[in-house]
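Visitor: Mind having a look at this structure? Questions to follow.
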Amino acid sequence: MNAILALTLCIVAGVAAEYQYGTYEIGVPQNYGSEYNNNQYGNNQYGNNQQYQYKPVQAIPDARCPRTDDPLRPVHLPFAGNCNKFMKCTGGMGFVMDCPAGLEYSQRMGRCDYPALAQCSM
């Protein structure tokens with residue numbers, strides 16, 4: 000009998016001590032975020048906020064570019080008159096690409112390489 004009474008009291012105490020969800024509120028300080036309202040994080044942080052304009056890449060029809068693409072063997076061709084550029088073939092069209100700074104296109108290797116290794120003579 001005592002066990003039943005103790006069990007009943009435990010159940011009643013558990014229900015009475017049930018957590019009230021949604022009643023706990025955290026106040027936000029009134030000046031929260033005011034330290035970010037100065038120009039520290041504004042447009043002036045990085046100097047002149049220029050909008051760069053990118054022009055679309057022009058596709059150049061080239062008979063050397065295959066009409067079908069093989070992703071495992073991309074076709075790169077030298078760009079006439081400039082060792083710092085090459086053409087990347089896609090769908091029968093050539094797209095002019097720039098080699099990274101200090102590199103030249105190597106026709107023998109089919110990639111941009113150091114000038115001493117590329118041996119570009121255009």
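Sequential numbering from 0 applies to the sequence shown in numbering that gives the first Met the number 0. Cβ atoms here follow ideal geometry from the backbone N, Cα and C, with glycine treated the same way.
#1: Between which two residues does the alpha helix (DSSP H) carrying L135 extend?
#2: What's the gap between the Cα of Q118 and the Cα of N81?
#3: Considering only their Cβ atoms, is the gap separating D61 from G93 smaller than 9 Å?
#4: Please name the residue in S105, P99, Y53 and P55 whose C-alpha comes closest to that of H75.
#5: Please check the pair G91 and R66, which I expect to be a contact at CB under 8 Å, by giving their CB distance rounded to whole angstroms.
#6: Please determine, among G109, M96, P73 and M108, the residue with the shortest C-alpha to C-alpha distance to I59.
#7: Specify the secondary structure class of T7 as computed by DSSP and reduced to three states.
#8: At what residues does the beta strand (DSSP E) containing L76 begin and finish?
#9: Just reading off the beta strand (DSSP E) that V95 is part of, what are its end residues?
#10: Taking 8 Å as the limit between beta carbons, can you name the residues of its chain near M108, skipping five residues before and five after?
#11: Ordered along the chain, which non-local residues of its own chain (more than five positions away) have a Cβ less than 8 Å from that of M86?
Guide: Looking at the atomic coordinates:
#1: Look at the range of the chain in this structure, 0 to 121, and you will see that residue 135 is not part of it.
#2: Taking the first residue of the sequence shown as 1, we reach residue 118 at position 119. Taking the first residue of the sequence shown as 1, we reach residue 81 at position 82. So the two alpha carbons sit approximately 13 Å from each other.
#3: Sequence index remark: in the sequence shown, residue 93 carries index 94 (1-based). Sequence index remark: in the sequence shown, residue 61 carries index 62 (1-based). Yes, the pair counts as a contact, with Cβ atoms nearer than the cut-off.
#4: Numbered from 1 along the sequence shown, position 76 holds the residue referred to as residue 75. When each option's Cα is compared against that of H75, the closest is S105.
#5: Translated into the one-based positions of the sequence shown, residue 91 becomes position 92. Translated into the one-based positions of the sequence shown, residue 66 becomes position 67. G91 to R66, Cβ: 4 Å. Contact.
#6: The residue given as residue 59 occupies position 60 in the sequence shown. Residue M96 is the option with its Cα nearest to I59.
#7: As a first step, residue 7 is located in the sequence shown; it is residue number 8 there, counting from the start. Correct three-state label for T7: helix.
#8: Reading the sequence shown from its first residue, position 77 is the one you call residue 76. Its beta strand (DSSP E) spans residues H75 to P77.
#9: Residue 95 sits at position 96 when you count from the first residue of the sequence shown. Counting along the chain, the beta strand (DSSP E) containing V95 begins and ends at M92 to D97.
#10: Position 109 of the sequence shown holds residue 108. L116 and A117.
#11: Counting from one through the sequence shown, the residue named residue 86 turns up at place 87. Hits under 8 Å: I59, D61, C64, H75, L76, P77, F78, G93, F94, V95 and M96.
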